[in-house]
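Okay, so here's the structure we're looking at.
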Amino acid sequence: MRTGTATAPRTRPRRRSAALPIAFAALLLTVLPAALALALATPPTARRAAPAGPRLRILGPAQMVFNWSTQACTPTEEPDLPVRAFRDYRGEIQLLLSHYVNFRMIGASLSTLQPECRPVLSSPERSSPRRFEDREWLASLFTSDGRTIWALVHEEYQGNIHRGRCPSGSYYRCWYNSITLARSSDGGRTYVHMKSPRQLVAAPSRPYRQAPGPVGVFTPSNIVTGPDGADYALVRIRDPNGTRGACLLRTRRVGSPTAWRAWTGSGFGGEFTNPYRSPPSGAVDCTPIAPGDIAEMTESLTYNYALGRYLLVGLAPPGPLSVGAKVTGIYFSTSPDLVHWSPRTLVKAAVAAQTYTCGGPSPIAYPSVLDPRSTSRTYATSGGTAFLYFTQFRYSRCRQVADRDLLRVPIEISP
């Protein structure tokens with residue numbers, strides 16, 4: 337049995353009073369019709385407003401966590417994915433600044449972190465796409481002891497940087513993405529992975545070629561414990577066959593790249609294959625979950641004890657089922673089982689890099705919830721108060737520059 341894991345307890349997370357007991361839920365099914373009839377018979381002036389749903393509210397101004405202009409040791413030391421953190425075996429907190437050269441911040445608490453100048457993982461930048469080891473971002477973490485850490489890796493094959501691989505020279509058209517697995521055996525000081533291509537977890541359904549836009553499997557969420565005690569993560573899918581959305585992965589062996597399975601609509605029978613070692617199927621064996629409700633949100637996934645539900649936070653566009661203003665911004669959604677999600681609710685309108693206009697507000701990206709009081713080694717649980725971290729981009733003469741700061745705001749989460 338793993339103790340102090342990177343996720344919630346191995347049994348189904350214990351619900352607090354905000355969640356309805358099963359017996360009480362059954363009772364509601366019995367009395368609801370009568371209660372509804374009584375409500376309709378009550379004069380409008382005597383009726384009470386229906387209770388609001390869960391809320392995620394920003395409580396204060398932004399706080400600087402990492403200032404690129406004064407703290408970065410190199411231009412590539414910047415937060416380029418949702419930040420992840422863990423408590424190591426020495427009791428120190430490590431927070432990853434993930435980019436294709438990956439760094440960390442260390443301190444006694446989330447409020448006292450200081451950046452290190454030595455990278456924990458530098459990208460191999462192999463020119464062959466079949467190796468799945470070009471540019472690598474450490475994306476999500478799992479550890480039971482703070483010494484051995486497993487990490488899902490966002491791996492970008494960037495054909496535009498390899499001679500002859502992408503005639504257009506366009507980063508977006510040449511972008512081919514996969515998920516791989518890395519490991520640290522020294523408490524997060526360094527990360528390595530298995531010999532290529534055995535580190536592969538999930539890949540596009542066909543081999544690399546220039547495409548209209550980024551294709552593949554992207555941006556893993558936190559790894560959390562599901563209701564059945566297995567480990568879960570969300571990944572973003574943009575497959576060449578047209579499949580697009582958030583894909584739910586499950587495993588009972590985090591350290592085995594081939595043990596991850598995808599949700600297919602009725603169970604976890606979906607298996608990603610290496611398109612270079614088996615005939616391309618032309619399809620990805622994964623059914624996106626709640627596409628109208630959560631869009632492609634995968635940035636931050638925790639089990640929230642204040643809600644008694646899973647909490648998903650991400651940057652998303654407006655949608656037909658959105659609650660609140662019809663704008664791009666930071667949204668949240670909740671789920672009892674990781675498969676069924678509530679319509680996303682707006683937390684705060686925001687400018688994304690794709691919607692930035694010259695002279696306008698600076699874009700943000702990569703929202704991530706970290707609760708300093710979480711008992712999970714990898715902050716995979718959250719409570720009634722926490723911090724919402726995000727990256728803010730900087731521009732010069734209307735062009736994005738390397739300057740990216742990591743900020744956080746205090747938040748309140750209530751049912």
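Each residue of the sequence shown is one higher than the last, beginning at 337 in my numbering. Think of the CB as a built atom: it goes at the ideal place given N, C-alpha and C, for glycine as much as any other residue.
(request) Closer than 7 Å by C-beta to Ser506: which residues in its own chain qualify, once you throw out the five before and the five after it? Chain order, please. (result) Here the question's residue 506 lines up with position 170 in the sequence shown. Same-chain partners within the cutoff: Asn496.
(request) Give the C-beta separation of Ala518 and Val489 to the nearest angstrom, bearing in mind that I take them to be a contact with Cβ-Cβ under 8 Å. (result) Start at 1 with the first residue of the sequence shown, and residue 518 comes out as number 182. Start at 1 with the first residue of the sequence shown, and residue 489 comes out as number 153. So it is a contact: roughly 5 Å between Cβ atoms.
(request) Look at the Cβ atom of Ile749, then the Cβ atom of Leu648, and state whether they are nearer than 8 Å. (result) Indexing the sequence shown from 1 puts residue 749 at position 413. Indexing the sequence shown from 1 puts residue 648 at position 312. No, the pair does not count as a contact, with Cβ atoms beyond the cut-off.
(request) Look at the alpha carbon of Ala566 and the alpha carbon of Pro550, and state the distance between them as a whole number of angstroms. (result) Counting from 1 along the sequence shown, the entry for residue 566 is found at position 230. Counting from 1 along the sequence shown, the entry for residue 550 is found at position 214. Roughly 30 Å between the two C-alpha positions.
(request) Starting from the Cα of Ser669, find the closest Cα among Val537, Val663 and Ala652 and give me that residue. (result) Along the sequence shown, one-based indexing puts residue 669 at 333. The shortest C-alpha separation from Ser669 is found at Ala652.
(request) Report the partner residues of Tyr512 according to the DSSP bridge assignment. (result) Counted from its first residue, the sequence shown places residue 512 at position 176. DSSP output for Tyr512 lists Tyr493 and Val551 as bridge partner(s).
(request) Let me know the secondary structure DSSP gives Ala359 once reduced to three states. (result) Here residue 359 refers to the residue found at position 23 when the sequence shown is read from its first residue. Its pLDDT being 37, under 50, Ala359 is placed unreliably in this model, and the value from its coordinates should be taken loosely. Reduced to three states, the DSSP call for Ala359 is helix.
(message) Tell me the DSSP secondary structure of Gly650 in three-state form.
(response) Translated into the one-based positions of the sequence shown, residue 650 becomes position 314. DSSP places Gly650 in strand when its eight states are reduced to three.
(message) Is it buried or exposed, Ala622, if we count other Cβ atoms within 10 angstroms and call 16 or more buried?
(response) The residue given as residue 622 occupies position 286 in the sequence shown. The sequence as given places Cys at residue 622; Ala does not occur at that position. Result: buried.
(message) Going by beta-carbon coordinates alone, are Gly591 and Trp473 separated by less than 8 Å?
(response) Position 255 of the sequence shown, counting from 1, holds the residue named residue 591. Position 137 of the sequence shown, counting from 1, holds the residue named residue 473. Going by C-beta atoms, Gly591 is not nearer than 8 Å to Trp473.
(request) For Leu637, collect the residues of the same chain with a Cβ closer than 7 Å to its Cβ; drop the 5 residues on either side in sequence, then sort them by chain order. (result) What you label residue 637 is simply residue 301 of the sequence shown in a count that begins at 1. Cβ neighbours of Leu637 beyond the five flanking positions: Ser557, Asn558, Val560, Leu570, Tyr646 and Leu648.
(message) Looking at the strands, I want to know which residues DSSP matches up with Ser532.
(response) In the sequence shown, residue 532 corresponds to position 196, counting from 1. In DSSP, Ser532 forms no bridge with anything.
(request) Using alpha carbons as the reference points, say which of Pro418, Gly396, Glu414 and Thr609 lies closest to Arg466. (result) As a position in the sequence shown, residue 466 is number 130, starting the count at 1. Residue Thr609 is the option with its Cα nearest to Arg466.
(message) Does Gly628 come out as helix, strand or coil in the three-state DSSP assignment?
(response) As a first step, residue 628 is located in the sequence shown; it is residue number 292 there, counting from the start. Helix, per DSSP.
(message) According to DSSP, simplified to helix, strand and coil, what is Pro465?
(response) As a working mapping, residue 465 is identified with position 129 in the sequence shown. Helix.
(request) Would you mind working out which of Arg735, Arg730, Pro751 and Val745 sits nearest Glu414, comparing C-alpha positions? (result) Here residue 414 refers to the residue found at position 78 of the sequence shown. Of the candidates Arg735, Arg730, Pro751 and Val745, the one whose C-alpha sits nearest the C-alpha of Glu414 is Arg730.
(request) Sort Ala538, Pro576 and Thr727 by Cα distance to Arg509 and report the nearest one. (result) For the purposes of this step, residue 509 is identified with residue 173 of the sequence shown, where counting begins at 1. Here the closest residue by C-alpha is Pro576.
(message) Distance check for Ile394 and Ala382, CA to CA, integer angstroms please.
(response) Taking the first residue of the sequence shown as 1, we reach residue 382 at position 46. Taking the first residue of the sequence shown as 1, we reach residue 394 at position 58. Reliability fails at Ala382, whose pLDDT of 37 lies under 50, so the model's placement of it is uncertain and the value that follows must be treated cautiously. Spanning the two alpha carbons is a distance of roughly 33 Å.
(message) Determine whether the beta carbon atoms of Thr664 and Arg572 lie at a separation below 8 Å.
(response) As a first step, residue 664 is located in the sequence shown; it is residue number 328 there, counting from the start. As a first step, residue 572 is located in the sequence shown; it is residue number 236 there, counting from the start. No, these two residues do not count as a Cβ contact at 8 Å.
(request) Tell me Glu748's beta-bridge partners as DSSP assigns them. (result) Sequence index remark: in the sequence shown, residue 748 carries index 412 (1-based). DSSP, once it has assigned bridges, lists Arg393 and Thr721 as partnering Glu748.
(message) Just to confirm, is the Cβ distance from Arg483 to Gly523 under 8 Å?
(response) The count along the sequence shown starts at 1 and reaches residue 483 at position 147. The count along the sequence shown starts at 1 and reaches residue 523 at position 187. Cβ atoms of Arg483 and Gly523: closer than 8 Å.
(request) Taking only runs that begin and end inside the region 414-448, name each unbroken beta strand (DSSP E) of 3 or more residues, in chain order. (result) 421-423, 429-433 and 437-443
(message) For Thr406 and Leu742, what's the separation of their Cα atoms in angstroms?
(response) Walking along the sequence shown from the start, residue 406 turns up at place 70. Walking along the sequence shown from the start, residue 742 turns up at place 406. Taking the straight line joining both Cα atoms gives about 12 Å.
(message) Can you check which of these residues, Ser541, Ile515 and Thr526, is closest to Ser532 by C-alpha distance?
(response) Along the sequence shown, one-based indexing puts residue 532 at 196. Out of Ser541, Ile515 and Thr526, Ile515 has the C-alpha closest to the C-alpha of Ser532.
(message) Considering only the alpha carbon of each residue, which of Ser698, Ser445, Asn438 and Gln546 lies closest to Tyr527?
(response) On the sequence shown, position 191 is the one that residue 527 refers to. Minimum Cα distance to Tyr527 is reached at Asn438.
(request) Could you pull the start and end residues of the beta strand (DSSP E) that Trp473 belongs to? (result) On the sequence shown, residue 473 is found 137 positions in, with the first residue counted as 1. Residues Arg471 to Phe478.
(message) My output table needs one value for Trp404: the three-state DSSP class, helix, strand or coil.
(response) Within the sequence shown, the letter at position 68 stands for residue 404. In the structure shown, Trp404 sits in a helix (DSSP, three-state: H, G or I).
(message) With the cut-off set at 8 Å, would you say Arg586 and Ala631 are in Cβ contact?
(response) In the sequence shown, the residue the question calls residue 586 occupies position 250. In the sequence shown, the residue the question calls residue 631 occupies position 295. Taking 8 Å as the Cβ cut-off, Arg586 and Ala631 do not qualify as a contacting pair.
(request) Give the DSSP-derived three-state secondary structure of Tyr731 in the structure shown. (result) The residue given as residue 731 occupies position 395 in the sequence shown. Tyr731: strand per DSSP, three-state reduction.
(message) Looking only at its chain, what residues have a beta carbon closer than 7 Å to the beta carbon of Leu392, apart from the 5 residues adjacent to it on each side?
(response) In the sequence shown, the residue the question calls residue 392 occupies position 56. So the qualifying residues of the chain are Phe668, Val683, Ile747 and Ile749.
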